[in-house]
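Take any residue in the sequence shown, count from 1 to its spot, add 1: that is its number in my numbering. For reference, the structure is listed below as structure tokens.
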Amino acid sequence: MALIDDIFTAGVIGAGGAGFPTHKKLVPCELLIINAAECEPLLASDRYVMRNFAAELVAGAKLVAESLGIGRVVVGTKRKYTEEIAALRSEIDTQRAAVEVCELDSFYPLGDEQVLIYEITGKTVPPGGIPIALGIVVVNVTTLLNIFRASQGTPVTRRFVTVNGEVGHPCVVDAPVGASPEDLIAAAGGARVASYSLVRGGPMMGRQYPGGVTGLGFGKADGGLLVLPSNNKIFTLAAQPIEHVVLQARSTCIQCTLCTELCPRYLIGHVMRPHRVMRSIAVPDSAANTAGAVDALLCCECGICELFSCPMGLSPRRMNVLMKGQLRASGTKPNTEIRPEQSRSREYRRIAQSRFIERLDLGGYSDHLYDCVRLDPQQVKIPLKHGVGRPSAACVAEGSEVAVGDVIGYVEQNDVGCLVHASIPGVVTAVDAEYITIRRAS
Ligand code: SF4
Ligand code: SF4
């Protein structure tokens, strides 16, 4: 199919975080959902795309629907994004597109694919399954922009990165793939504090770099960089050694079940009960408790249980991650049952994004960022692996001259992986297992 070929050729992957190759994800289905909910607090890149590229987004949605014979397209977004919704609706009218906009409450984690599907359709994706089991495909709004650009022959060489937190000018940075955290921070006015830690992504699920990091290149799925005080709760919790966290779970969990009552996966009907996982760690020899540990396989690691729910300051999320590793190693399958009472009291247990931000001491940072700064650094380190799937194989060597858009990393189209393109013109100065480094031509 021509569109899928274009998407592969342009190296499009999911821009919302996991980075699944889009040429593998887009299949004929009944419903295409455009995820425009910007899941994590403090990030603003998707909103920027909605405000400024509405015409491309609507054209892209029409193109995907026509190419794949999809009957219904729905943009799922937050009701409070009034400007973004107005821009989309105006374009939908102009292009006479059969695209719906579904305006939803602002809670965390609305942008979780399975939560978004539940909000829009009232249906629960089978536990351990994927949306196509319901005839649904979900793509992120920035991915849709990249799909449209792919159809015009433009590969993914740049992306919008929100740089927020303790920087002089929090903004969206239009950066080449492979930009360094140092260059991204400089583009946002530089750090305002001498000592800080970084988050690559959002505060809840992003990768943390206590004390900062060097030698990194941002990839196609990296939509955020947060510069935060090192004593923020998100860092202090993550810094606790796992042995300590296990001992705490054994000695301090009062089995109040609050972690389960507020778990978004439990609330859509999955048998995901973190309090049972905690119990299985506290009393591992009981057969009933061992069975409860299997719930860990359904955890999406959103962090609500450890950063919001638990009154004892425990970390069910980390226990789930620990348990998941052990269960997967033993070949254990998840519980695929769906609880029939999933919707009861759910609407009262969703956590408003504003409450969540305050609880994390992040209320001082706005996520309403209008400015976009273009970054053209002297050097990029372009990752060979950009998300789920296999890394691409470098097809340039040290000393190769490249132009923007040249293929420098290769996979076959039937691979779960993506082509990688040069994002600045220049000379390849290094190739290793992780990165291709390009120095700009002078
Ligand atoms: S909320 Fe905390 S104390 Fe309560 S059951 Fe869950 S882990 Fe235990
Ligand atoms: S991190 Fe906690 S709240 Fe989130 S899905 Fe896992 S168990 Fe549920």
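Here a beta-carbon is modelled for each residue, glycine too, at the ideal position from N, C-alpha and C.
Discussion item. Please report the distance separating the alpha-carbon of G190 from that of V272.
Written reply: Here residue 190 corresponds to residue number 189 of the sequence shown, with the count starting at 1. Here residue 272 corresponds to residue number 271 of the sequence shown, with the count starting at 1. Those two C-alpha atoms are separated by around 46 Å.
Discussion item. Would you call the stretch 112 to 121 in contact with the stretch 63 to 80, where contact means no fewer than 3 C-beta pairs closer than 8 Å?
Written reply: Counting C-beta pairs closer than 8 Å gives three or more between the stretch 112 to 121 and the stretch 63 to 80, which meets the contact rule.
Worksheet entry | Pairwise C-alpha distance: P378 and V278 | To locate residue 278, count along the sequence shown from 1; it is residue 277. To locate residue 378, count along the sequence shown from 1; it is residue 377. Cα to Cα, the separation comes out at about 47 Å.
Worksheet item: Between C306 and P275, is the Cβ-Cβ spacing less than 8 Å?
Response: Numbered from 1 along the sequence shown, position 305 holds the residue referred to as residue 306. Numbered from 1 along the sequence shown, position 274 holds the residue referred to as residue 275. The answer is yes: Cβ separation under 8 Å.
Worksheet entry | CB-CB length for V412 against R391, believed under 8 Å | Reading the sequence shown from its first residue, position 411 is the one you call residue 412. Reading the sequence shown from its first residue, position 390 is the one you call residue 391. About 7 Å separates the two Cβ atoms, so the contact holds.
Worksheet item: Under 7 Å from any heavy atom of ligand 1, does the C-beta of H276 make it?
Response: Walking along the sequence shown from the start, residue 276 turns up at place 275. Yes, Cβ of H276 sits closer than 7 Å to a heavy atom of ligand 1.
Discussion item. Do G224 and S393 have their beta-carbon atoms positioned less than 8 Å apart in this structure?
Written reply: Your numbering for residue 393 matches position 392 in the sequence shown. Your numbering for residue 224 matches position 223 in the sequence shown. No; because the gap between Cβ atoms is not below 8 Å, this pair is not in contact.
Discussion item. Quick check on DSSP: helix, strand or coil for S310?
Written reply: For the purposes of this step, residue 310 is taken as residue 309 along the sequence shown, with counting starting at 1. Looking at S310 - three-state DSSP - the assignment turns out to be helix.
Worksheet item: Could one say the Cβ of R340 lies closer than 8 Å to chain E's Cβ atoms, at least one of them?
Response: In the structure shown, chain E cannot be found, because there is only a single protein chain.
Worksheet item: CA-CA distance, S346 and C301?
Response: Taking the sequence shown and counting its residues from 1, the one referred to as residue 346 is at position 345. Taking the sequence shown and counting its residues from 1, the one referred to as residue 301 is at position 300. Spanning the two alpha carbons is a distance of roughly 21 Å.
Discussion item. Could you tell me the alpha carbon to alpha carbon distance between N165 and M206, rounded to whole angstroms?
Written reply: In the sequence shown, residue 165 corresponds to position 164, counting from 1. In the sequence shown, residue 206 corresponds to position 205, counting from 1. Cα-Cα distance, rounded: 16 Å.
Worksheet item: Excluding five sequence neighbours on each side, which residues of the same chain lie with their C-beta closer than 7 Å to the C-beta of A88?
Response: Your numbering for residue 88 matches position 87 in the sequence shown. Answer for A88: M51, R52 and A55, listed in chain order.
Discussion item. Suppose only complete runs of 4+ residues qualify. What are the alpha helix (DSSP H) ranges in the stretch 59 to 124, listed by chain order?
Written reply: 83 to 95 and 114 to 122
Discussion item. The alpha helix (DSSP H) that contains G326, what's its start and end?
Written reply: For this step, residue 326 is matched to residue 325 along the sequence shown. Note, G326: alpha helix (DSSP H), P317 to A330.
Worksheet item: For R440, which three-state DSSP category applies?
Response: The residue labelled residue 440 in the question sits at position 439 within the sequence shown. In this structure, R440 counts as strand in the three-state DSSP scheme.
Item to complete: Have a look at C303, P230, I235 and P171 and flag the residue whose alpha-carbon is nearest the alpha-carbon of P265.
Response: Residue numbering aside, residue 265 sits at position 264 when the sequence shown is read from its first letter. That would be C303, whose Cα lies nearest to the Cα of P265.
Worksheet item: So, helix, strand or coil for N232, using DSSP?
Response: Along the sequence shown, read from residue 1 onward, the residue named residue 232 stands at position 231. Here N232 sits in coil by DSSP.
Fill in: C-alpha gap between C311 and L259, whole angstroms
Taking the first residue of the sequence shown as 1, we reach residue 311 at position 310. Taking the first residue of the sequence shown as 1, we reach residue 259 at position 258. Rounded to whole angstroms, C311 to L259 spans 6 Å at the Cα level.
Worksheet item: What is the DSSP secondary structure of Q354, counted as helix, strand or coil?
Response: Numbered from 1 along the sequence shown, position 353 holds the residue referred to as residue 354. Here Q354 sits in helix by DSSP.
Item to complete: Give a single yes or no on whether C40 has its beta carbon closer than 7 Å to a heavy atom of ligand 2.
Response: As a first step, residue 40 is located in the sequence shown; it is residue number 39 there, counting from the start. No.
Discussion item. Given 7 Å as the limit, tell me if Q256 has its C-beta closer than that to any heavy atom belonging to ligand 1.
Written reply: Here residue 256 is taken as the residue at index 255 of the sequence shown, counted from 1. Indeed, a heavy atom of ligand 1 lies less than 7 Å from the Cβ.
Fill in: K334: first and last residue of the uninterrupted beta strand (DSSP E) it sits in
Along the sequence shown, one-based indexing puts residue 334 at 333. That residue, K334, is in no beta strand (DSSP E); it is neither H nor E in DSSP.
Worksheet item: Going by the C-beta, is L185 closer than 7 Å to any heavy atom of ligand 1?
Response: The sequence position of residue 185 within the sequence shown is 184, counting from 1. No, the beta carbon of L185 sits no closer than 7 Å to any heavy atom of ligand 1.
Fill in: Segment limits, alpha helix (DSSP H) that includes Y49
Working through the sequence shown from its first residue, we reach residue 49 at position 48. Following the DSSP letters along the chain, one finds Y49 inside the alpha helix (DSSP H) bounded by residues S46 to N53.
Worksheet item: At what residues does the beta strand (DSSP E) containing P132 begin and finish?
Response: Residue mapping note: residue 132 aligns to position 131 of the sequence shown, counting from 1. No beta strand (DSSP E) holds P132; DSSP gives it neither H nor E.
Item to complete: Count the CB pairs spanning the stretch 414 to 429 and the stretch 373 to 388 that are closer than 8 Å, and state whether there are at least three.
Response: Contact between the stretch 414 to 429 and the stretch 373 to 388 is present, because at least three Cβ pairs lie under 8 Å.
Practice prompt. Work out the CA separation of E57 and I186 for me, nearest whole Å.
Written response: Stepping through the sequence shown from its first residue, residue 186 is reached at position 185. Stepping through the sequence shown from its first residue, residue 57 is reached at position 56. Cα-Cα distance, rounded: 29 Å.
Practice prompt. Measure the CB-CB distance between A134 and P128 and report whether it falls below 8 Å.
Written response: Taking the first residue of the sequence shown as position 1, residue 134 is located at position 133. Taking the first residue of the sequence shown as position 1, residue 128 is located at position 127. Cβ atoms of A134 and P128: not closer than 8 Å.
Practice prompt. Rounded to whole angstroms, what's the CA-CA distance from L217 to P384? Just pull it up for me.
Written response: Translated into the one-based positions of the sequence shown, residue 217 becomes position 216. Translated into the one-based positions of the sequence shown, residue 384 becomes position 383. So the alpha carbons of these two residues sit roughly 9 Å apart.
Worksheet item: Quick one, which of N415, T122, N321 and I352 has its alpha-carbon nearest E41's?
Response: By 1-based counting over the sequence shown, the position of residue 41 is 40. The residue with the shortest Cα to Cα distance from E41 is I352.
Fill in: Assumed close pair C30, I137 - CB separation to whole angstroms, cut-off 8 Å
In the sequence shown, the residue the question calls residue 30 occupies position 29. In the sequence shown, the residue the question calls residue 137 occupies position 136. Yes, C30 and I137 are in contact; Cβ-Cβ is about 6 Å, under 8 Å.
Worksheet item: Under the three-state reduction of DSSP, which class applies to V412: helix, strand or coil?
Response: Start at 1 with the first residue of the sequence shown, and residue 412 comes out as number 411. Reduced to three states, the DSSP call for V412 is coil.
Worksheet item: If we count the other Cβ atoms within 10 Å of its Cβ and call it buried at 16 or more, is T24 buried or exposed?
Response: Position 23 of the sequence shown, counted from the first residue, corresponds to residue 24. According to the sequence shown, residue 24 is His rather than Thr. Its Cβ being crowded by 16 or more others within 10 Å, H24 is buried.
Fill in: Same chain only: Cβ atoms within 6 Å of E85, ignoring 5 sequence neighbours per side
In the sequence shown, residue 85 corresponds to position 84, counting from 1. Correct list, in chain order: R48, M51 and R52.
Worksheet item: Is it buried or exposed for V28, if we count other Cβ within 10 angstroms and need 16 for buried?
Response: As a first step, residue 28 is located in the sequence shown; it is residue number 27 there, counting from the start. It is exposed - the Cβ of V28 has fewer than 16 other Cβ atoms within 10 Å.
Worksheet item: Does any heavy atom of ligand 1 sit closer than 7 Å to the C-beta of S281?
Response: Position 280 of the sequence shown, counting from 1, holds the residue named residue 281. No heavy atom of ligand 1 is found nearer than 7 Å to the CB of S281.
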